[in-house]
Every structure is written in C-alpha cells, then in structure tokens.
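Numbering (my numbering), first residue to last: 1 to 446.
Note that beta-carbon positions come from the ideal geometry of N, C-alpha and C, so glycine has one too.
These numbers come from a predicted model, not from an experiment.
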C-alpha cells in the first residue's frame, strides 16, 4: 500500500488563465513522444477525421467561426493525449491560432489537481493553458472568462463533458451540461457583437486498444497477481487460455472485491450489505449510494438528482475545506491554522470514499455480457485492480501502467451551438446537448 499523505490547508494556486508559454510548448514538442510512450504508455497515436479537425481550425483562424473541442474521458491519459495531438501532432497541417505557431487549445481543469501536484506539475499547469474550475459548483467569474474566451480567441477550448474519467471506453455516462451551456452563451455573445460568427462543438472520441500490444498470457499474469492480493484461492485452477475463461476470472475477482467492500463498509460506516440474491451491480451501487448519503449528511450537502452529481458535489465540498484565499490564509492565528489542518485531514480521509465511488459508479458486470471485446477485458482488469487500490485508500495516480496501448483520436461531426432560425434559447440548449450526446455515441467502437 502506498503511504497516505493527508491534505493540509493551502492557498489556491494562482494560474495564468489559459495562457501558454513558448518555452513550455517547446519542451513538450521535444519530450512529447517519449512522454507518450513511457509515461502515458501509448505505443501508437492516430487521428481519424483529421479533415474535420483541420477545417474547424481553419475557420477559427480566418474568423469565420469559433469552436470548442469536447473530448471523451475514458482513461487517465486523455488530457495529456489531447494536448499532445493538438499542440504537436497536427502542427503544420492545421493553421496556427496564436503567434506561438501551433493550432493548440486551452484547458479547464479541476482545482483538485493542485492537491497532489509536484512543483514540476505546478510549473506545467501555469504554462500549459490551464483554467482552474471547481467541480460541483459554478464560479461566475470563471464562467464569464470561459464564455468570453471561446467567443474572442481563435484558439479553442478543449474540455471533457463527462466531468471525470469513466475508465470504460464503451460506456458514455451522463454529460455535464456545462460544455453546451458555454457554447450557447458564447454563440449568443457573438450573435450580438459587431462581428457575428457561428460557434460549434467538435466531439472527439478517444479509443484505446490493446489487441496489438497485449496477449492473453500477459493479461492472465496480471490477474494472477490481483487474485493473490485479494486472497482469491486459485490453487489447482487451470490457467486461462481463452477470452471466455478470462471473463470468468474477472467475474470471480469482482465478486471477491464486492464482498471485501461490504465487510469494510459495514465495519466503518455501519452500512448493511444488499439482501441475499442481489446481483453484483446492485450490491455495489447500494454500498456507494449509502456511503455518499453519509458524506452528504456529514457535509450538510443536499442530495442531487444523479449519483454522479452527488459524487461531484461531495468532492467540491471536501475541497472547500482545503483551499483558502490568500487573505483568509494569511489572517489565520496558530489555533485557526491548526483547526484548518484538522479539517483538511478529515476531508482527505473522507475523500477516499469519493475515490471509491467515482470509479465504482462505472463498474457494471453487464459490460462483459455476451462475448466481450478484448479491449473490454483489459479495461475491466485494470479497473478492478484500481478498485482494489481505492479500497486501500489509493488514487487515480496509482493506477497500473502494466499495459501498453494504442490510442486513436476520432473527430466527429460538429454540433452547431448557434441558434437556428425560429429556434428559442431553451430549444437550442436542449438540441445542442442532445446532438453532442448523439455525436459521442456514434463514435463508440467497442
């Protein structure tokens, strides 16, 4: 188990909103291929639908329109991958949008990154075009900045409407309405400006594949270690030689992990397991909902409509107990600072429930129904390993890097965010959200 380091109260880090330094971009161009290979574990990177991507850059550079890049978030490498593609890989084919000579983008990113970021990562955040945003809440000043920048800058915003990593390429979760809202507000702003132009959202799917880089034998060895770790007795069992046998092993691991979680949650939180006969998905969902309910009661947060929204609201409240403005932080007495340290440490340990729920909400045995795609088997193996990590208190940064993979970025059909003739604002908002979701669904490959 990794050593746990409780949070401490801190000032919110000042980051240049959406600004990028040429020195940083030069470093990424030089080190990007090695970083992709050895840190992100990407063997190959491809772009499909590049013509659509280049056309949106051309229109924006020529002031014929503005656009937002809405990318899917099925893995832990996605923001880094998108940055590398837009900054380095299509350079020379897509027109530059700023004097640094690159197509590029700027990126909203959760404020929580600052909690685990090293000095090197903080330097990167300050120079990569990051806009800090708070999940589960609306900061009017940041929202206004995003809308104004989408409308005025030729360089697009790149954002993940899923709001968090789903870690399942074949599952499209509920999309946060913020992306469509920002696009619509920017479109309204431009429609009433001296230089009106349309606004579009270009959906980008990200597909990771393992068939070329991973064998059944390698996947089996990964499961061997996970089974040993969770105390699953495999003595005398035949080594899996087919995808169907791998699936059976995954389901057995799943059952064992849920049983361990039920015991742990009963002891720590007094949460009773689901009644006898309940399926794996029902048992896990019951645990997560009950634990989130207890956190809502502790923090005084009213329940939201969906489990995902409830989880994000909990994260927002836990971060509120860690970050302070410079004025608040500097005015603390020694006792107040000590109380703030206690509150931050409490939030850190309670956040482990958030981390478990954030992944657990996307775990569903139905993902392996029928004859599962090999990529789904590998994804599920990694997710179950990650779930075991989170039961121990670990985080996304501890996710296994065991498997090398290929990445394909796919540009879909652009969604018009500007109002159509005779279309009201509410109708336009609903249409944009619907078409963006449909656009993502069309791009799911496995």
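query, result
"Three-state secondary structure assigned by DSSP to residue 332", "coil"
"Unbroken beta strand (DSSP E) run spanning residue 107, endpoints", "107-110"
"Inter-residue Cα distance where the pair is residue 451 and residue 101", "Residue coverage of the chain in this structure runs from 1 to 446, which leaves residue 451 outside it and unanswerable."
"Contact set for residue 12: own chain, Cβ-Cβ below 6 Å, skip 5 residues either direction", "323"
"Own chain partners of residue 332 with C-beta closer than 7 Å, once the 5 adjacent residues on each side are dropped", "340"
"Beta carbon of residue 52 nearer than 8 Å to that of residue 199", "no"
"Residue 204 beta carbon less than 8 Å from that of residue 71", "yes"
"Exposure of residue 165, with buried meaning 16 or more beta-carbon neighbours within 10 Å", "buried"
"Selected residue, minimal CA-CA separation from residue 4, among 215, 19, 348 and 160", "348"
"For residue 66, the first and last residue of its enclosing beta strand (DSSP E)", "66-71"
"Where residue 91 falls: helix, strand or coil (DSSP)", "strand"
"Cβ pair residue 146, residue 377 closer than 8 Å", "no"
"Proximity to residue 217 [Cα-Cα], best of 243, 206, 193 and 209", "243"
"Whole-Å CB distance - residue 75 paired with residue 167, under 8 Å assumed", "6 Å"
"Simplified DSSP assignment, three categories, for residue 405", "strand"
"Every unbroken alpha helix (DSSP H) within the stretch 184-220, with a cutoff of 4 residues, ordered by chain", "none"
"Residue 132 - containing beta strand (DSSP E), residue span", "130-133"
"With 16 other Cβ atoms within 10 Å as the buried cut-off, status of residue 38", "exposed"
"Residue 260 in three-state terms, based on DSSP", "helix"
"Entirely enclosed alpha helix (DSSP H) segments - the stretch 29-61, minimum 4 residues", "50-61"
"Closest by C-alpha distance to residue 158, when choosing among 257, 99, 57 and 226", "57"
"Residue 348 - partner residues in DSSP beta bridges", "Residue 348 pairs with nothing; no bridge assigned."
"Alpha-carbon spacing of residue 263 relative to residue 398, whole angstroms", "23 Å"
"Endpoints, beta strand (DSSP E) assigned at residue 447", "Residue 447 falls outside the range modelled here, since the chain spans only 1 to 446, and no answer is possible."
"Whole-Å CB distance - residue 80 paired with residue 162, under 8 Å assumed", "Wrong, their Cβ atoms sit about 16 Å apart, outside the cutoff."
"Close beta carbons around residue 271, own chain, < 7 Å, minus the five adjacent residues each side", "265, 287, 290 and 291"
"Buried versus exposed, by CB contacts within 10 Å (16 or more), residue 233", "exposed"
"Coarse secondary structure for residue 323, derived from DSSP in three states", "strand"
"Residue 141 - containing alpha helix (DSSP H), residue span", "140-152"
"Sequence-distant residues of its chain with Cβ nearer than 7 Å to residue 255 (five each side left out)", "280"
"Exposure of residue 493, with buried meaning 16 or more beta-carbon neighbours within 10 Å", "Because the chain spans 1 through 446 in this model, residue 493 falls outside it and cannot be assessed."
"Among 428, 357 and 213, nearest to residue 406 - alpha-carbon criterion", "213"
"Bridge partners - residue 159, DSSP secondary structure assignment", "70"
"Run of the alpha helix (DSSP H) containing residue 362, from where it starts to where it stops", "Here residue 362 belongs to no alpha helix (DSSP H), and DSSP marks it neither H nor E."
"Assigned secondary structure, residue 10 (DSSP; H/G/I helix, E/B strand, else coil)", "strand"
"Three-state secondary structure assigned by DSSP to residue 276", "coil"
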